[in-house]
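Using the numbering used here, the first residue of the sequence shown is number 7, and each one after it goes up by one. Each remark here refers to the structure printed beneath this line.
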Amino acid sequence: MNDISDFQMLGDAGKKLFSTAAGQKLLGGQLVKQADVVLLLNILPHLYSKKIRAANFDYYQAITTHDSSLSAATYMIEATRLKKLDLAY
């Protein structure tokens with residue numbers, strides 16, 4: 007598995023790399039456009055504990071490029087619910 011820590015710092019340039027065939031090969035599926043798990047937890051928060059929601063939010067926050075139009079709103083709502091206000095952008 008490739009280390010993506012340097013990639014995460016590239017911002018928009020990194021997102022463009024992710025959308026290319028070469029970028030897909032390099033990153034090997036380590037990034038996602040929108041974490042469907044976070045979206046599910048956002049829609050049905052009453053079915054999951056705060057601990058489970060926080061663990062999934064933290065995991066997917068690190069590997070999500072937020073290229074989906076739903077991503078920013080989904081993460082903002084969940085970050086606010088989890089009191090991670092520095093991530094509620």
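Glycine included, each C-beta is placed from N, C-alpha and C at the ideal position. Only a predicted model underlies this, so the values are computations on that prediction, with no experimental measurement involved.
How close, in whole Å, do the beta carbons of Lys39 and Asp73 come, if the pair is a contact with beta carbons under 8 Å? 4 Å
For Lys56 versus Leu91, is the C-beta distance shorter than 8 Å? no
Compare the C-alpha of Val44 against each of Glu84, Leu93, Tyr95 and Gln36 and name the closest. Glu84
Quick check: what's the CA-CA separation for Ala94 versus Ile49? 17 Å
Alpha carbon to alpha carbon, what distance is there between Thr71 and Asn62? 15 Å
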